[in-house]
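*Asks:* This is the structure I want to talk about, given as structure tokens.
Residue numbers (our numbering): 3 to 380.
What follows is the structure in structure tokens.
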């Protein structure tokens with residue numbers, strides 16, 4: 003197959019991926035979009051095998067089969083409320099796969115031409131580093147969400163300095179890789195993998211469990227970046243294009259989540275708690291006093307006055323309401339039919355009043371959108 007034909011097929015597959023993402027924006031069409039994306043991925047795998055003329059490679063098909071079986075088992079066993087950690091694990095596997103592709107390409111590299119050599123080593127080492135970071139960070143995120151390690155942020159002295167030092171060292175290794183990579187890639191690759199693995203672990207450990215979905219979305223974007231860059235290194239247009247698609251989609255989702263939380267990505271990755279606005283600081287201090295059992299006198303009095311004002315009209319209405327007696331007798335059958343409906347309405351009204359009272363007296367209310375649907379496997 004010629005290069006032009008391969009690019010055309012890659013573009014068609016990427017368009018199908020885009021259509022699947024579009025369909026997943028609505029709950030009504032999300033299932034169709036998911037299936038369309040899975041179909042596009044299957045076609046992409048078969049197309050890659052065809053271009054490499056590897057249909058007779060039985061060991062490869064064995065691993066494809068094993069991976070498919072594991073995927074089916076995960077899809078059947080994992081509950082919806084466990085989906086965030088599952089996505090984190092899949093992100094990590096994607097980053098690890100990109101790192102392995104870059105490693106394999108680097109060990110077999112025999113290119114010529116100064117510009118091509120520079121381009122290859124920069125992209126290969128970058129894919130190796132970003133893939134290692136994604137793998138280690140995603141594993142930590144999955145462990146936190148699963149509750150196997152502490153979900154609270156972990157800080158230690160010199161943490162920021164360590165992260166900056168690791169990032170600087172990894173960047174320098176990537177920049178100077180064209181000059182040393184071909185002669186000593188094993189030591190260079192191991193050092194680069196170690197640096198970015200530690201970086202991913204430390205970066206994710208200092209983020210709390212509540213902010214972990216944002217980190218997972220960011221790592222999802224990084225897994226796409228790693229795939230795209232590794233595709234550039236090996237000259238695979240399909241891998242580069244689909245990886246770029248995942249990277250952009252993950253970054254957009256991360257930005258949307260940060261805006262919804264009124265936070266920025268730097269504060270989330272830094273493990274910083276959301277700061278109170280100036281106008282809300284007094285309310286926050288009052289909340290702390292309430293937690294300690296101390297209530298300001300003026301605020302307590304005002305709350306009691308408000309409750310008395312709210313209860314007074316209701317009591318007056320109940321006292322002044324005339325007792326109406328129906329002159330016409332209701333048939334026995336109608337009474338029997340109306341009784342269950344009336345009881346149901348009374349129970350619903352009582353339930354609503356109870357819910358309103360609980361919300362009125364509650365000090366803290368946590369709203370988790372979508373949790374009920376996830377719990378019901380909807």
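C-beta: ideal position from N, C-alpha, C; glycine also.
1. With distance defined between alpha-carbon atoms, name the residue in 236, 47, 271 nearest to residue 107.
2. Does the distance from the C-beta atom of residue 132 to that of residue 97 stay below 8 angstroms?
3. Measure the alpha-carbon distance for residue 258 versus residue 218 and round it to whole angstroms.
4. Need the endpoints of the alpha helix (DSSP H) that residue 162 sits in, please.
5. Whether or not the region 240-260 and the region 183-198 are in contact is what I'm after, with contact meaning three or more pairs of Cβ atoms, one per stretch, closer than 8 angstroms; do they touch?
6. What residue range does the alpha helix (DSSP H) around residue 81 cover?
7. Candidates 136, 261, 14, 174: which alpha carbon is nearest residue 206's?
8. Beta-carbon within less than 6 angstroms of residue 138's beta-carbon, same chain only, minus the 5 sequence neighbours each way: which residues are those?
9. Give the straight-line distance between the Cα atoms of residue 90 and residue 348, rounded to the nearest whole angstrom.
10. Cα-Cα, which of 147, 83, 73, 6 is closest to residue 209?
11. Would the region 11-19 count as touching the region 40-51 if we require 3 or more Cβ pairs under 8 angstroms?
12. Please report the distance separating the alpha-carbon of residue 53 from that of residue 144.
13. Do residue 273 and residue 86 count as a contact pair if the criterion is CB distance below 8 angstroms?
14. Whose C-beta lies closer than 8 angstroms to the C-beta of residue 29 among residues of the same chain, with five residues either side of it excluded?
15. Do residue 119 and residue 215 have their beta-carbon atoms positioned less than 8 angstroms apart in this structure?
16. Is DSSP giving residue 225 helix, strand or coil here?
17. Please report the straight-line C-alpha distance between residue 71 and residue 82, rounded to a whole angstrom.
18. Out of 125, 212, 94, which has the shortest C-alpha to C-alpha gap to residue 173?
19. When you compare the CB positions of residue 240 and residue 88, do they come within less than 8 angstroms of one another, or not?
20. What number of angstroms, rounded off, separates the C-alpha of residue 363 from the C-alpha of residue 149?
21. Go ahead and pull the three-state DSSP assignment for residue 24.
22. Have a look at residue 166 and residue 365 and give me their C-alpha separation to the nearest angstrom.
23. Can you tell me whether residue 369 is helix, strand or coil according to DSSP?
24. For residue 123, count the other beta carbons within 10 Å of its own beta carbon; 16 or more makes it buried, fewer makes it exposed. Which is it?
25. Between the beta-carbon of residue 220 and the beta-carbon of residue 188, is there less than 8 angstroms?
26. In whole angstroms, what separates the C-alpha of residue 288 from that of residue 153?
27. Quick check: the Cα distance between residue 5 and residue 238, rounded to an integer number of angstroms?
28. Taking residue 186 as the reference, which of 226, 261, 110, 359 has the closest Cα?
29. In chain order, which continuous runs of the alpha helix (DSSP H) of length 4 or greater are located wholly inside the region 38-95?
30. Tell me where the alpha helix (DSSP H) around residue 141 begins and ends.
31. Determine the closest residue to residue 243 out of 58, 230, 254, with distance taken between C-alpha atoms.
32. Just mark residue 367 as buried or exposed, buried being the case when its beta carbon has 16 or more other beta carbons within 10 Å.
33. Decide if residue 93 is buried, meaning its Cβ has at least 16 other Cβ atoms within 10 Å, or exposed.
34. In angstroms with no decimal places, state the Cα-to-Cα distance between residue 142 and residue 129.
35. So what's residue 380 in DSSP terms, helix, strand or just coil?
36. Cα separation between residue 326 and residue 351?
*Replies:* In terms of the structure at hand:
1. 236
2. yes
3. 13 angstroms
4. 161-177
5. no
6. First-last for residue 81: undefined, no H or E at that position.
7. 136
8. 199, 202, 203
9. 47 angstroms
10. 147
11. yes
12. 35 angstroms
13. no
14. none
15. no
16. helix
17. 19 angstroms
18. 125
19. no
20. 31 angstroms
21. helix
22. 41 angstroms
23. coil
24. buried
25. no
26. Here the model assigns residue 288 a pLDDT of 48, short of 50, so the residue's position is not dependable, and the following value carries that caveat. Using only the alpha carbons, I get a separation of about 27 angstroms.
27. 10 angstroms
28. 110
29. 60-79
30. 116-148
31. 230
32. exposed
33. buried
34. 20 angstroms
35. Residue placement at residue 380 is flagged as unreliable, the pLDDT there being 49, under the threshold of 50; a coordinate-derived value is accordingly withheld.
36. Below a pLDDT of 50, predicted positions are generally treated as unreliable, and residue 326, at 45, falls in that range; the measurement from the model is reported next regardless. The alpha-carbon atoms of residue 326 and residue 351 are separated by roughly 21 angstroms.
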